[in-house]
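Sequential numbering of the sequence shown, starting at 590, is according to the working numbering.
Glycine included, every Cβ here is placed at the ideal spot set by N, Cα and C.
The block underneath contains the structure these notes are about, expressed in structure tokens.
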Amino acid sequence: MNKTNPLIILTGPTASGKTGIILKLAEKYPIEIISADSMQIYRGMDIATAKPTPEEQKILPHHLIDIMNPDEEYNAGAFRKDALRIASEIELRGHIPIVAGGTGLYIKALIFGLSEGPTRSEEIRENLRDFIRANGPQKAWEILNQHDPDIASKISPSDASRIIRYMEMILLTGEKPSAMHDGHGFREPKIDARVFCISMERDVLYERINLRVIDMIGMGLVDETKKLLEKGYSPTLKSMQALGYKHLVAHLLDGLPLDEAILLVQRDTRHYAKRQMTWNRGHYGTDIFCSVENAFKGMEKLIDKRLSS
């Protein structure tokens, strides 16, 4: 991963066509994929996460998929450590690593590293968990927003895990997490990487999202969610609050009609895609944005150059 052979990274909003690009590249090149998707790490959560099918994984090796149970924690720091190790292992096999996924914080951590936050306090974290169990993550997010609106604006009001961490940082240090982030790192890249970020017309992307949600229902997303609940995974888990699952939990446990649940999944996925696009525009230069076709061509050119050197 140097100036001659930078790490290739493919990102972009959900449903923008990342999987199609890498499968097409796999027809020509000895590539392996390191998933930069914070939900595809979970076992048993396949459909709503748009996880590569077993058949696709046979064609093209994927890493950092199915590595955790839904009630286990994983974070950007662990991803960076694992991704760098796996990339080196792929290169030792004579193959080409490609990082692909839409979790912006994972990719940012990989390229720029992570600032050191304060130590953790299990007592504070448990008190915050109790508060969220009693009042819901939205109420906790509102409190976080009062103390640090900059950091609150970057996370979902349902993301209990990050809300707890940021509130913990405030309680431990008395400082705003956003100020700590601004004051540490994230300025100079720690590795050489070439990022391709897919960009497309919003109306086209939103239509793709709407159709994908319908496809997911047809693939058995309701049954998949039911099985997760039957295994004892709590609806309050961070993983079970993910797009698709939380809506179908409401359908299965609270009587939300399925057609309404589908509309909510579509709406919230569109909102998520918009946040992904906003994140990418705020963290990268305009030169990384490209169409699906140009992303493929650009990655193809880099791989050809590497194989010929």
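Classify residue i as helix, strand or coil using the three-state DSSP reduction.
| i | result |
| --- | --- |
| V881 | helix |
| R870 | helix |
| P686 | strand |
| L653 | coil |
| L817 | helix |
| I620 | strand |
| Y834 | helix |
| Y822 | coil |
| P595 | coil |
| Y861 | helix |
| Y795 | helix |
| G666 | helix |
| T762 | helix |
| H773 | In this prediction, H773 scores a pLDDT of 45, lower than 50, which makes its location untrustworthy; the coordinate-derived value is nonetheless stated afterwards. Note: H773 maps to coil in three-state DSSP. |
| R709 | coil |
| D748 | coil |
| P726 | helix |
| A637 | coil |
| S677 | helix |
| A625 | coil |
| G887 | helix |
| P846 | coil |
| K827 | coil |
| I780 | coil |
| K743 | coil |
| S897 | helix |
| S605 | coil |
Give me, in chain order, the residues of the same chain whose beta-carbon lies closer than 6 angstroms to that of residue i; leave out the 5 immediate sequence neighbours on both sides.
| i | result |
| --- | --- |
| D748 | none |
| T638 | M628, Q629 |
| F775 | Confidence at F775 is low in this model, with a pLDDT of 48, below 50, so its placement is unreliable and the value that follows should be read with caution. Closer than 6 angstroms at Cβ, skipping near neighbours: F701. |
| E813 | I636 |
| N594 | R895 |
| I740 | Y755, P766, S767 |
| I713 | E757, L760 |
| H736 | I759 |
| F668 | Y695 |
| A672 | I623, L699 |
| I679 | E621, P686 |
Quick one: measure Cβ to Cβ for residue i and residue j, integer angstroms, because I've assumed they're closer than 8 angstroms.
| i | j | result |
| --- | --- | --- |
| Y873 | L832 | About 23 angstroms separates the two Cβ atoms, so there is no contact after all. |
| C786 | F878 | 5 angstroms |
| Q855 | V802 | 5 angstroms |
| I598 | I696 | 6 angstroms |
| L841 | K863 | That belief does not hold up - the Cβ atoms of L841 and K863 are roughly 28 angstroms apart, past 8 angstroms. |
| R709 | T825 | Between T825 and R709 the Cβ distance is about 20 angstroms, and since that is not below 8 angstroms, they are no contact. |
Leaving out the 5 sequence neighbours to the left and right, which residues in its chain are closer than 7 angstroms to residue i when beta-carbon positions are compared?
| i | result |
| --- | --- |
| M808 | I636 |
| L853 | H836 |
| G666 | A698, L703 |
| P845 | Just to set this straight, residue 845 is Leu in the shown sequence, not Pro. So the list reads A839, once near-sequence residues are dropped. |
| K640 | Q629, I654 |
| Y663 | I630, M657 |
| R859 | Y795, I798 |
| H651 | I622, S624, P641 |
Residues bridged to residue i by DSSP?
| i | result |
| --- | --- |
| T600 | C786 |
| Y755 | The partner list for Y755 (beta bridge, DSSP) is empty, contrary to what the question assumes. |
| Y695 | Bridge partners of Y695: none, in fact. |
| Y631 | M657 |
For chain B, check one thing: does any of its Cβ atoms lie closer than 7 angstroms to the Cβ of residue i?
| i | result |
| --- | --- |
| E661 | Here chain B cannot be found, since the structure has a single protein chain. |
Counting only the same chain and skipping the five closest in sequence on each side, list residues whose C-beta sits under 8 angstroms from that of residue i.
| i | result |
| --- | --- |
| E777 | F701 |
| V881 | S605, G606, G609, I610, I787, M789 |
| Q865 | G601, P602, T603, G691, G693 |
| P726 | P746, S747, D748, A749, I752, Q830 |
| K820 | G633 |
| L817 | G633, M634, P659, M829, Y834 |
| I620 | I611, L614, L649, H684, I685, P686, I687, I892 |
Quick check: does the Cβ of residue i come within less than 6 angstroms of any heavy atom belonging to the ligand SAH?
| i | result |
| --- | --- |
| I636 | The ligand content of the structure shown is nil, which means the ligand SAH is not present either. |
Cβ pair count under 8 angstroms reaching 3, the stretch 627-635 against the stretch 655-669: Result yes; three or more Cβ-Cβ pairs closer than 8 angstroms.
Segment contact, 8 angstroms Cβ cut-off, at least three pairs: the stretch 792-800 with the stretch 593-606: Contact holds: three or more Cβ-Cβ distances are below 8 angstroms.
At least 3 beta-carbon pairs within less than 8 angstroms: the stretch 640-654 vs the stretch 842-850: No: fewer than three Cβ pairs fall under 8 angstroms.
Cβ contact (3+ pairs, closer than 8 angstroms) linking the stretch 618-630 and the stretch 683-702: They touch, by the three-pair rule.
Inter-stretch contact (C-beta, 8 angstroms, three-pair minimum) for the stretch 778-789 and the stretch 761-768: Because the criterion of three Cβ pairs below 8 angstroms is not met, the stretch 778-789 and the stretch 761-768 do not touch.
Contact between the stretch 882-897 and the stretch 714-731 (3+ Cβ pairs under 8 angstroms): The stretch 882-897, when compared against the stretch 714-731, does not touch it at the 8 angstroms Cβ threshold.
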